[in-house]
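Notes to accompany the following structure.
Residue numbers (this note's numbering): 2 to 277.
In C-alpha coordinates form, the structure reads like this:
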(Lines of atoms letter the chains of each structure in order from A; the text may use other names.)
(Lines give C-alpha, C1' and ligand atoms only; values in the text may rest on other atoms or scores of the structure.)
Protein backbone atom coordinates (compact mmCIF):
# COMPACT_ATOMS: atom_id res chain seq x y z
CA UNK A 2 0.00 0.00 0.00
CA UNK A 3 1.33 3.44 -0.91
CA UNK A 4 2.08 5.79 2.01
CA UNK A 5 -0.09 8.85 2.50
CA UNK A 6 0.93 12.37 3.60
CA UNK A 7 -0.13 13.54 7.03
CA UNK A 8 -3.23 15.44 5.86
CA UNK A 9 -4.26 13.11 3.10
CA UNK A 10 -3.50 13.05 -0.60
CA UNK A 11 -6.13 13.23 -3.36
CA UNK A 12 -7.30 9.67 -3.89
CA UNK A 13 -9.04 10.67 -7.11
CA UNK A 14 -8.05 13.41 -9.46
CA UNK A 15 -10.24 15.43 -11.74
CA UNK A 16 -12.67 13.24 -13.68
CA UNK A 17 -11.88 13.43 -17.39
CA UNK A 18 -13.63 11.92 -20.39
CA UNK A 19 -11.53 10.75 -23.30
CA UNK A 20 -12.52 10.49 -26.92
CA UNK A 21 -11.68 7.75 -29.40
CA UNK A 22 -8.56 5.63 -29.43
CA UNK A 23 -7.43 2.57 -27.50
CA UNK A 24 -9.64 1.71 -24.56
CA UNK A 25 -8.56 0.48 -21.18
CA UNK A 26 -10.60 -1.24 -18.51
CA UNK A 27 -10.99 0.43 -15.15
CA UNK A 28 -8.22 -0.49 -12.77
CA UNK A 29 -4.75 -0.42 -14.38
CA UNK A 30 -2.62 2.62 -13.66
CA UNK A 31 -1.96 4.75 -16.71
CA UNK A 32 0.27 7.67 -17.56
CA UNK A 33 -1.52 10.76 -18.84
CA UNK A 34 -0.10 13.93 -20.35
CA UNK A 35 -1.68 17.26 -19.45
CA UNK A 36 -0.70 20.91 -19.64
CA UNK A 37 1.00 20.58 -16.27
CA UNK A 38 3.07 17.56 -17.29
CA UNK A 39 2.81 13.79 -16.96
CA UNK A 40 0.59 12.40 -14.24
CA UNK A 41 -0.58 9.04 -13.11
CA UNK A 42 -4.27 8.10 -13.03
CA UNK A 43 -6.00 4.87 -12.06
CA UNK A 44 -8.46 4.69 -14.94
CA UNK A 45 -8.69 5.45 -18.62
CA UNK A 46 -8.13 9.16 -19.21
CA UNK A 47 -7.63 11.47 -22.14
CA UNK A 48 -4.07 11.89 -23.35
CA UNK A 49 -3.01 8.44 -22.14
CA UNK A 50 0.63 7.64 -22.92
CA UNK A 51 1.01 4.05 -21.76
CA UNK A 52 0.18 1.55 -19.07
CA UNK A 53 2.47 1.71 -16.04
CA UNK A 54 5.19 -0.94 -16.04
CA UNK A 55 7.32 -2.17 -13.12
CA UNK A 56 9.72 0.77 -13.41
CA UNK A 57 6.83 3.24 -13.51
CA UNK A 58 5.22 1.71 -10.43
CA UNK A 59 8.54 1.89 -8.61
CA UNK A 60 8.83 5.58 -9.39
CA UNK A 61 5.26 6.14 -8.25
CA UNK A 62 6.09 4.54 -4.91
CA UNK A 63 9.17 6.74 -4.60
CA UNK A 64 7.23 9.88 -5.50
CA UNK A 65 4.54 9.05 -2.99
CA UNK A 66 7.16 8.54 -0.29
CA UNK A 67 8.82 11.85 -1.25
CA UNK A 68 5.51 13.63 -0.78
CA UNK A 69 5.75 12.83 2.93
CA UNK A 70 9.07 14.60 3.13
CA UNK A 71 7.90 17.51 0.97
CA UNK A 72 4.88 18.01 3.18
CA UNK A 73 6.90 18.09 6.42
CA UNK A 74 9.53 20.46 5.02
CA UNK A 75 6.95 22.85 3.61
CA UNK A 76 5.01 22.81 6.88
CA UNK A 77 8.19 23.65 8.78
CA UNK A 78 8.97 26.57 6.45
CA UNK A 79 5.42 27.90 6.82
CA UNK A 80 5.81 27.93 10.58
CA UNK A 81 9.22 29.60 10.38
CA UNK A 82 7.88 32.45 8.25
CA UNK A 83 4.64 32.59 10.28
CA UNK A 84 2.42 32.51 7.22
CA UNK A 85 -1.32 32.39 7.84
CA UNK A 86 -2.00 29.40 5.62
CA UNK A 87 -2.89 25.75 6.12
CA UNK A 88 -1.11 23.15 4.02
CA UNK A 89 -3.57 20.55 2.76
CA UNK A 90 -1.64 18.15 0.57
CA UNK A 91 1.34 17.74 -1.76
CA UNK A 92 1.44 16.19 -5.21
CA UNK A 93 4.67 15.38 -7.02
CA UNK A 94 4.63 15.10 -10.79
CA UNK A 95 5.49 11.70 -12.23
CA UNK A 96 8.58 12.95 -14.09
CA UNK A 97 9.66 14.92 -10.97
CA UNK A 98 9.80 18.18 -12.85
CA UNK A 99 7.29 19.85 -10.58
CA UNK A 100 5.91 19.72 -7.02
CA UNK A 101 2.52 21.24 -6.25
CA UNK A 102 1.57 22.33 -2.72
CA UNK A 103 -2.14 22.83 -2.07
CA UNK A 104 -3.13 25.14 0.78
CA UNK A 105 -6.04 27.11 2.17
CA UNK A 106 -6.02 30.62 3.61
CA UNK A 107 -8.67 33.04 4.78
CA UNK A 108 -6.99 35.93 2.97
CA UNK A 109 -4.32 36.52 0.39
CA UNK A 110 -0.86 35.32 1.41
CA UNK A 111 2.50 36.51 0.08
CA UNK A 112 4.36 33.21 -0.34
CA UNK A 113 7.08 34.34 -2.76
CA UNK A 114 9.86 33.79 -0.24
CA UNK A 115 8.41 30.39 0.62
CA UNK A 116 8.59 29.38 -3.04
CA UNK A 117 12.25 30.40 -3.17
CA UNK A 118 13.01 28.36 -0.05
CA UNK A 119 11.31 25.25 -1.44
CA UNK A 120 12.93 25.63 -4.87
CA UNK A 121 16.37 25.84 -3.24
CA UNK A 122 15.71 22.66 -1.27
CA UNK A 123 14.08 20.43 -3.90
CA UNK A 124 15.82 21.83 -7.02
CA UNK A 125 12.69 21.62 -9.16
CA UNK A 126 9.69 23.70 -10.16
CA UNK A 127 7.48 24.69 -7.24
CA UNK A 128 3.84 25.67 -7.41
CA UNK A 129 1.75 26.82 -4.45
CA UNK A 130 -1.92 26.60 -5.31
CA UNK A 131 -4.55 28.11 -3.05
CA UNK A 132 -7.78 26.13 -3.01
CA UNK A 133 -11.20 26.76 -1.50
CA UNK A 134 -12.94 24.94 1.29
CA UNK A 135 -14.91 22.81 -1.17
CA UNK A 136 -11.71 21.63 -2.84
CA UNK A 137 -10.23 20.92 0.58
CA UNK A 138 -13.17 18.66 1.44
CA UNK A 139 -12.79 16.95 -1.94
CA UNK A 140 -9.14 16.20 -1.25
CA UNK A 141 -9.50 15.09 2.36
CA UNK A 142 -12.74 13.17 1.86
CA UNK A 143 -15.19 12.18 4.56
CA UNK A 144 -18.75 11.04 5.22
CA UNK A 145 -21.79 13.15 4.52
CA UNK A 146 -24.95 13.55 6.57
CA UNK A 147 -26.50 10.78 4.44
CA UNK A 148 -23.91 8.27 5.66
CA UNK A 149 -22.21 7.95 2.28
CA UNK A 150 -18.83 9.15 1.06
CA UNK A 151 -18.75 12.78 0.02
CA UNK A 152 -20.00 13.32 -3.53
CA UNK A 153 -17.12 15.66 -4.35
CA UNK A 154 -14.49 13.09 -3.33
CA UNK A 155 -16.21 10.10 -4.97
CA UNK A 156 -17.77 10.93 -8.34
CA UNK A 157 -18.26 14.68 -8.88
CA UNK A 158 -15.90 16.07 -11.49
CA UNK A 159 -16.83 19.75 -11.32
CA UNK A 160 -18.55 21.84 -8.68
CA UNK A 161 -21.88 23.30 -9.74
CA UNK A 162 -23.40 26.46 -8.23
CA UNK A 163 -25.69 25.78 -5.26
CA UNK A 164 -27.98 28.51 -3.93
CA UNK A 165 -30.30 28.87 -0.98
CA UNK A 166 -33.16 29.26 -3.46
CA UNK A 167 -32.80 25.56 -4.31
CA UNK A 168 -33.42 24.62 -0.68
CA UNK A 169 -36.44 26.91 -0.51
CA UNK A 170 -37.86 25.38 -3.68
CA UNK A 171 -37.61 21.91 -2.12
CA UNK A 172 -39.36 23.15 1.06
CA UNK A 173 -36.41 22.18 3.24
CA UNK A 174 -35.83 23.69 6.68
CA UNK A 175 -33.43 26.59 6.27
CA UNK A 176 -31.11 25.43 9.03
CA UNK A 177 -27.36 25.84 8.37
CA UNK A 178 -26.62 22.59 10.22
CA UNK A 179 -28.86 20.60 7.87
CA UNK A 180 -28.01 22.36 4.62
CA UNK A 181 -24.23 22.66 5.01
CA UNK A 182 -21.69 19.97 4.20
CA UNK A 183 -18.32 19.28 5.77
CA UNK A 184 -16.88 22.21 3.86
CA UNK A 185 -19.28 24.63 5.53
CA UNK A 186 -20.96 25.47 2.23
CA UNK A 187 -24.35 24.39 0.90
CA UNK A 188 -24.41 20.68 0.10
CA UNK A 189 -23.89 19.80 -3.57
CA UNK A 190 -26.80 17.34 -3.49
CA UNK A 191 -29.27 20.24 -3.19
CA UNK A 192 -28.89 20.76 -6.94
CA UNK A 193 -29.55 17.14 -7.93
CA UNK A 194 -33.38 17.29 -7.77
CA UNK A 195 -33.78 21.01 -8.31
CA UNK A 196 -35.03 20.64 -11.89
CA UNK A 197 -37.58 18.01 -10.83
CA UNK A 198 -39.00 20.31 -8.17
CA UNK A 199 -39.27 23.13 -10.69
CA UNK A 200 -41.23 20.88 -13.04
CA UNK A 201 -43.60 19.87 -10.23
CA UNK A 202 -44.03 23.49 -9.19
CA UNK A 203 -44.95 24.46 -12.75
CA UNK A 204 -47.89 22.01 -12.63
CA UNK A 205 -49.21 23.28 -9.30
CA UNK A 206 -50.82 26.53 -8.12
CA UNK A 207 -48.77 28.82 -5.93
CA UNK A 208 -49.27 29.14 -2.20
CA UNK A 209 -51.93 31.80 -1.65
CA UNK A 210 -53.57 31.31 -5.06
CA UNK A 211 -57.35 31.19 -5.43
CA UNK A 212 -58.56 27.82 -6.75
CA UNK A 213 -61.87 26.22 -7.61
CA UNK A 214 -62.52 22.73 -6.22
CA UNK A 215 -65.50 20.32 -6.41
CA UNK A 216 -66.46 21.55 -2.91
CA UNK A 217 -66.23 25.23 -3.72
CA UNK A 218 -63.66 27.99 -3.95
CA UNK A 219 -60.73 28.37 -1.60
CA UNK A 220 -57.14 29.40 -1.17
CA UNK A 221 -53.98 27.26 -1.32
CA UNK A 222 -52.24 27.14 2.06
CA UNK A 223 -49.58 24.45 1.52
CA UNK A 224 -47.94 22.45 -1.28
CA UNK A 225 -46.48 18.94 -1.29
CA UNK A 226 -44.36 18.89 -4.42
CA UNK A 227 -43.33 15.24 -4.09
CA UNK A 228 -46.95 14.04 -4.09
CA UNK A 229 -48.05 17.03 -6.20
CA UNK A 230 -50.92 17.82 -3.85
CA UNK A 231 -52.13 21.08 -2.35
CA UNK A 232 -53.84 21.84 0.94
CA UNK A 233 -56.79 24.13 0.20
CA UNK A 234 -58.80 26.06 2.77
CA UNK A 235 -62.35 26.63 1.58
CA UNK A 236 -64.01 30.01 1.89
CA UNK A 237 -67.10 28.61 3.58
CA UNK A 238 -66.24 27.18 6.96
CA UNK A 239 -62.90 25.97 8.26
CA UNK A 240 -62.81 22.89 6.02
CA UNK A 241 -59.47 22.05 4.40
CA UNK A 242 -58.94 19.64 1.52
CA UNK A 243 -55.87 17.89 0.13
CA UNK A 244 -56.27 17.77 -3.64
CA UNK A 245 -54.20 16.95 -6.67
CA UNK A 246 -53.60 19.30 -9.56
CA UNK A 247 -56.24 17.55 -11.69
CA UNK A 248 -58.92 18.26 -9.06
CA UNK A 249 -58.46 22.03 -9.10
CA UNK A 250 -58.68 24.89 -11.55
CA UNK A 251 -56.98 28.23 -11.13
CA UNK A 252 -55.84 31.31 -12.99
CA UNK A 253 -52.06 31.28 -13.26
CA UNK A 254 -52.02 35.03 -13.97
CA UNK A 255 -53.66 36.11 -10.73
CA UNK A 256 -51.78 38.36 -8.35
CA UNK A 257 -50.69 36.56 -5.22
CA UNK A 258 -50.50 38.14 -1.78
CA UNK A 259 -46.94 38.97 -0.85
CA UNK A 260 -45.59 38.29 2.60
CA UNK A 261 -47.61 37.41 5.65
CA UNK A 262 -51.14 38.79 6.01
CA UNK A 263 -51.31 41.78 8.30
CA UNK A 264 -53.02 41.38 11.63
CA UNK A 265 -55.94 43.70 12.31
CA UNK A 266 -54.84 46.72 14.29
CA UNK A 267 -56.11 46.87 17.83
CA UNK A 268 -58.23 49.90 18.63
CA UNK A 269 -56.69 52.44 20.97
CA UNK A 270 -57.95 55.51 22.81
CA UNK A 271 -56.77 57.75 19.97
CA UNK A 272 -59.33 56.17 17.63
CA UNK A 273 -62.22 57.16 19.89
CA UNK A 274 -64.12 60.26 18.75
CA UNK A 275 -63.61 63.31 20.89
CA UNK A 276 -66.38 65.71 21.86
CA UNK A 277 -65.88 69.43 21.41
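For each residue, glycine too, the CB sits at the ideal point set by N, CA and C.
Model, not experiment: these values are computed from the prediction.
Helix, strand or coil for residue i per DSSP?
{"i": "residue 175", "result": "coil"}
{"i": "residue 72", "result": "helix"}
{"i": "residue 231", "result": "strand"}
{"i": "residue 150", "result": "strand"}
{"i": "residue 144", "result": "strand"}
{"i": "residue 249", "result": "coil"}
{"i": "residue 236", "result": "coil"}
{"i": "residue 1", "result": "Absent from the model: residue 1. The displayed extent of the chain is 2 to 277, so no value can be given."}
{"i": "residue 224", "result": "strand"}
So, at 7 Å on beta carbons, what are the nonlocal neighbours of residue i in its own chain, with the 5 sequence-adjacent residues on each side left out?
{"i": "residue 236", "result": "217, 218, 219"}
{"i": "residue 201", "result": "226, 229"}
{"i": "residue 224", "result": "205, 208, 231"}
{"i": "residue 4", "result": "Its pLDDT being 39, under 50, residue 4 is placed unreliably by the model, and the measurement read from it follows with that caveat. So the list reads 65, 66, 69, once near-sequence residues are dropped."}
Going by the CB atoms, is the gap between residue j and residue i shorter than 9 Å?
{"i": "residue 129", "j": "residue 160", "result": "no"}
{"i": "residue 95", "j": "residue 67", "result": "no"}
{"i": "residue 167", "j": "residue 214", "result": "no"}
{"i": "residue 127", "j": "residue 99", "result": "yes"}
{"i": "residue 84", "j": "residue 116", "result": "no"}
{"i": "residue 97", "j": "residue 71", "result": "no"}
{"i": "residue 165", "j": "residue 157", "result": "no"}
Any heavy atom of the ligand NAP closer than 8 Å to the Cβ of residue i?
{"i": "residue 121", "result": "The ligand content of the structure shown is nil, which means the ligand NAP is not present either."}
If I measure Cβ to Cβ from residue i and keep anything under 8 Å in the same chain, skipping five residues before and after, which residues do I get?
{"i": "residue 204", "result": "229, 246"}
{"i": "residue 1", "result": "Outside the displayed span of the chain (2 to 277) sits residue 1, for which this structure offers no information."}
{"i": "residue 163", "result": "186, 187, 188, 189, 191, 192"}
Report all residues from its chain with a CB closer than 6 Å to the CB of residue i; omit the five preceding and five following residues, and keep chain order.
{"i": "residue 139", "result": "153, 154"}
{"i": "residue 171", "result": "198"}
{"i": "residue 234", "result": "219, 220, 222, 241"}
Can you list, in chain order, the stretches of the alpha helix (DSSP H) that have 4 or more residues and sit fully within the region 179–221? 195–203
Completely contained beta strand (DSSP E) runs for the region 111–141, where each covers 3 or more residues: 126–131
For the region 58–109, list the alpha helix (DSSP H) runs that are entirely contained and at least 4 residues long, ordered along the chain. none
Stretch-stretch touch, CB-based, cutoff 8 Å, three pairs: the region 244–256 with the region 204–211: yes
Per the contact definition of three or more C-beta pairs closer than 8 Å, is the region 150–165 in contact with the region 114–124? no
Quick one: any contact between the region 136–149 and the region 175–186, if contact means 3 or more CB pairs under 8 Å? yes
Determine contact between the region 84–92 and the region 105–113, defined as no fewer than three beta-carbon pairs at a distance below 8 Å. yes
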